[in-house]
Each structure stands twice: as structure tokens, then as C-alpha cells.
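These notes concern the structure reproduced below.
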Amino acid sequence: MTNDNRSARLRYDDGCLAAHSLNLIGDRWALLVVRELMFTPKRFQMIRAGLPGITASVLTGRLAQLRDVGVVDHDTRLGIYSLTEMGRGLLPVLEALCRWSLMAPGHDPRRFISPSALMISMRVNLIPDAAQGTDAHAGFDFGTEAFEMRLTGGTLETRPVNTPDAPFVLKGTGNTVGFTVYGAAPVELMMKEGFISAEGDLTAAQSFVDLFRLDRTA
């Protein structure tokens, strides 16, 4: 705990740093709330849209807890929640959990995937050897959210945008775009079957999605 009037429920009476972290962010839904705010500030209902199954009362409680421990800021005038620097520091934690889950059985990609979840997943599942020496610029439009990705020197950067301005833009849900990125079917076939729509250079789009793989042997 800290001495600045922030408080958290003591789950573990343990001096381990991992236990201290879990005392702060270990409640159910807490890290997923952080995930939904990782790329951009959001209002309450937009956060909830990325978390099917969470109730309004539980989300209110998690946001209050995360605010109390310094992970989330709340602009009460505008009704917008955003991550603090401390909150943004949890991105490597989310990425590490994604990598660990590749070794764990039982993942079902047919379950709901939010746009933010997919963007984090793609950062994790970029194929390093394929990405080296490759520069690329991609756009993604999920309707209520949009992003651009830039790959430079093997490093992938993601940023939220109002309207993607990229050589190509993939449009769909987190699930359908995820199936396009990680599946074996070509981009044009996914378009033909109605899973996604796309604009721009489809050859570049195919080359881009070929840079990602869900490697469960990693």
C-alpha cells in the first residue's frame, strides 16, 4: 500500500511484490478494464461495450478501485476515464499474459474479442523474423473504434484514430478481423465470404496479416 490516502482491499497478507500488485489490481475484471483503456480514454458505456458480461455496478466498482490506487483517472466533467502513467505501465503485463496463454489449453477464439484486445494480441503475435526489415502501415475500423498500426524496424506501434489513413483498412469486428489476421484464409476470401470488408491495397493487406501467427508452441 502507499501512504497517499489511496486504499485497496488487502487480499494477501504477504510481502511479495507480486502479492502487492494483486492487492491493487487483482480483482476480477480489473486488468480487462485496463485493457479497454490502454489505447484511448473512454466513457463508461464504451468501456462496458468491450467487456460483455460485466454489470454496470461491477464496472463502477472496478473503475473506482483502479482510480483509488492510481491506475485510472476520471474526468468527472466530461465523464471520461483514462489510464495514468502507472496504468499504461500495465501493457507489458497484459502482453505477458497473452504470451503465457499461448501455452495454456482451452482458449476459444470464437468468444468475444474486443478491438483493444485484438490490437494487444497482434503486438504479441508479430513474427519477429518476418517483421525485421519490414516497414508497413495498416488501418483497422471496428465501427465504434479505429486504429492505425505502423511497423518500423521490427517494432509495431498502435494508435487510436478517428478515421484510418493508411494504404489499406480492414473493417469488421474484433473476432472477424482476428480470424482474418490469424487464419489461413486469404484476405480476399474473407471479404468474399462477408466476414470483413476492406479498402485500399489488398496485396499490402495480405502481406501485413502474413506477419502474424498464433504460435501455440512458442
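Under the working numbering, the first residue of the sequence shown carries the number 121, and numbering increases by one thereafter. Think of the CB as a built atom: it goes at the ideal place given N, C-alpha and C, for glycine as much as any other residue.
DSSP three-state assignment for residue i, whether helix, strand or coil
i	result
I247	coil
Y201	strand
T300	helix
A150	helix
P306	coil
T122	Reliability fails at T122, whose pLDDT of 40 lies under 50, so the model's placement of it is uncertain and no value is given.
V191	coil
A338	Below a pLDDT of 50, predicted positions are generally treated as unreliable, and A338, at 42, falls in that range; no measurement from the model is reported.
A286	coil
R131	coil
G181	helix
T323	helix
H257	strand
L186	helix
F328	helix
P212	helix
Residue j beta carbon less than 9 Å from that of residue i
i	j	result
L171	V153	yes
S102	G294	Outside the displayed range of the chain (121 to 338) lies residue 102, so it cannot be described from this structure.
F332	I240	no
G226	M206	no
L334	P229	yes
L271	D255	yes
R163	G199	yes
M269	M311	no
V244	F267	no
A324	E313	no
D134	H140	yes
V307	V289	no
Best match in the options for proximity to residue i [C-alpha to C-alpha]
i	options	result
E277	I233, D335, L211	L211
Q185	N282, L290, I145, A286	I145
L238	K162, A224, M223, K291	K291
T204	T175, F159, F232, C218	F159
Q252	T275, L309, A176	T275
G181	G173, T196, A150, R197	A150
R231	D195, R197, G173, L309	G173
S236	H194, F328, L157	L157
Cβ-Cβ separation, residue j to residue i (assumed contact under 8 Å), whole Å
i	j	result
Y201	L214	That belief does not hold up - the Cβ atoms of Y201 and L214 are roughly 17 Å apart, past 8 Å.
M166	T296	Not confirmed; about 20 Å, so no contact.
L142	R131	6 Å
Quick check: the stretch 313 to 321 against the stretch 286 to 304, are at least 3 beta-carbon pairs closer than 8 Å? yes
Flag this pair as touching only if the stretch 283 to 299 and the stretch 253 to 270 have three or more C-beta atom pairs under 8 Å; answer yes or no. yes
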